[in-house]
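K.L.:
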Amino acid sequence: MASVLFLTAYPMIVPAHAGDLAKLEPIGFSDDGAVFAYQESGIQDGSGFPYANIFVLDLDKDRFIRPSPIRVTLSDETSTVADAMNEARSQASILLSDLMPEPRPGLAVIENLPTDLSTDGKVVRFVPRLFVPPIDAATELRLSTFPMAGPELCEGITDTAGFKLNRIALAEGEKALTLHEDTGIPFSRGCPTDYEIRQVRLYMKASGGYSGVAIIAVESYGFEGPDTRHIAVPVPMD
Numbered sequence: 002m003a004s005v006l007f008l009t010a011y012p013m014i015v016p017a018h019a020g021d022l023a024k025l026e027p028i029g030f031s032d033d034g035a036v037f038a039y040q041e042s043g044i045q046d047g048s049g050f051p052y053a054n055i056f057v058l059d060l061d062k063d064r065f066i067r068p069s070p071i072r073v074t075l076s077d078e079t080s081t082v083a084d085a086m087n088e089a090r091s092q093a094s095i096l097l098s099d100l101m102p103e104p105r106p107g108l109a110v111i112e113n114l115p116t117d118l119s120t121d122g123k124v125v126r127f128v129p130r131l132f133v134p135p136i137d138a139a140t141e142l143r144l145s146t147f148p149m150a151g152p153e154l155c156e157g158i159t160d161t162a163g164f165k166l167n168r169i170a171l172a173e174g175e176k177a178l179t180l181h182e183d184t185g186i187p188f189s190r191g192c193p194t195d196y197e198i199r200q201v202r203l204y205m206k207a208s209g210g211y212s213g214v215a216i217i218a219v220e221s222y223g224f225e226g227p228d229t230r231h232i233a234v235p236v237p238m239d
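According to the working numbering, the sequence shown holds residues 2 to 239 in order.
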C-alpha cells in the first residue's frame, strides 16, 4: 500500500484547536488508466512553512512510481503555497510528462469535503456514470478503524489507529474484497487517530472498464492541532 505521506519531527505532540488541513488536488489518470497522480499542499503548523507533495501511483502494483513522492517544503515564511506547488510541479514535470502528457481527470463519484458534516466518511456507495436514474450496478466501500500502536515518535499517545478498506458485495455472485488493511503504521504517517474516505475517482478507459482510486484523509496529531494528509488506495472495478 502506497502510504508515505510526510516526514517531520515531533518533540512534543499536544492536541489543540488549529492544525494543518492539506488541500487535495487530483492531477488525474494516465491515458491507459494504469497511473493516478494527485497533489496536496498547505502551510505546516508549527513552522508556518508552505509545502506541496505530489504522489504518482501505479494502480496495478499499488506502489509509488519513483521519484515520487515528491515533497517540497520552503523554509522561508515569505514563500507562498503557490511557490511550493510550482516547485513540486517543476520537480515532477519529467515524470508526469512521460506517464501522463495529457492527464485524464476522470469523474469524482464521491467527494466528501471537510465542510460536509452530514457523513463520517466511513461508508460510500456510488455508480460509475452520470445517468438518472442509474443504469449501472452500485459499488460500496466501507472504511473501518481499529486501535494500533504508532511508530516510536508516538510514545505516550494511546489513541493511534490503523484502517481497513473493503469493497462490499452488493449483488448475488459478487465477492467482497479487502482493498487495504494496515498491519503497522509507518513512521511517515505520523500519529494517526482517524481516517475518512475523502474522494473516489473513476476513469473510463478506452479499452473498456474503469480505473478507480479512493483517496483517504488521514487525521493525525500535529504541533498546534490535528493535521490531515492523504493516502490513495486503488479500487478495482471488475
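All C-beta atoms in this analysis are idealised placements derived from N, C-alpha and C, irrespective of residue type, glycine included.
Does DSSP put A38 in a helix, in a strand, or in coil?
P.N.:
In this structure, A38 counts as strand in the three-state DSSP scheme.
K.L.:
Using the Cα positions of L171 and V214, report the straight-line distance between them to the nearest angstrom.
P.N.:
19 Å
K.L.:
Whole angstroms is fine: what's the gap from S91's alpha carbon to P27's?
P.N.:
17 Å
K.L.:
What beta strand (DSSP E) runs, 3 residues minimum, are completely inside the stretch 108 to 134?
P.N.:
108 to 112, 124 to 127
K.L.:
Out of K165, F188, D195, E173, state which residue places its alpha-carbon closest to the alpha-carbon of H181.
P.N.:
With distances taken between Cα atoms, H181 lies closest to K165.
K.L.:
Report the option in R143, N54, L97, A109 whose CA atom is closest to the CA atom of M86.
P.N.:
Checking every option, the nearest Cα to that of M86 belongs to N54.
K.L.:
Need the endpoints of the alpha helix (DSSP H) that D99 sits in, please.
P.N.:
82 to 100
K.L.:
What is the rounded straight-line gap between the Cα of D195 and the Cα of P148?
P.N.:
10 Å
K.L.:
If contacts are defined as beta-carbon pairs under 8 Å, then T161 and A150 qualify, I think. What distance do you get, rounded to the angstrom?
P.N.:
6 Å
K.L.:
Once you ignore the five residues that flank P16 on each side, which residues in its own chain have a CB closer than 6 Å to its CB?
P.N.:
Only weak support exists for where P16 lies, its pLDDT of 41 falling under 50; the value from the coordinates is given anyway. So the list is empty, once near-sequence residues are dropped.
K.L.:
Round the Cβ separation of N113 and I169 to the nearest angstrom and send it over; I've been treating them as touching at under 8 Å.
P.N.:
Approximately 17 Å separates the beta-carbon atoms of N113 and I169; this is outside 8 Å, ruling out the contact.
K.L.:
How would you write the range of the beta strand (DSSP E) that I244 sits in, first residue to last?
P.N.:
What is shown of the chain runs 2 to 239, which leaves residue 244 out entirely.
K.L.:
Taking 9 Å as the cut-off, decide whether the C-beta atoms of K24 and S42 are in contact.
P.N.:
yes
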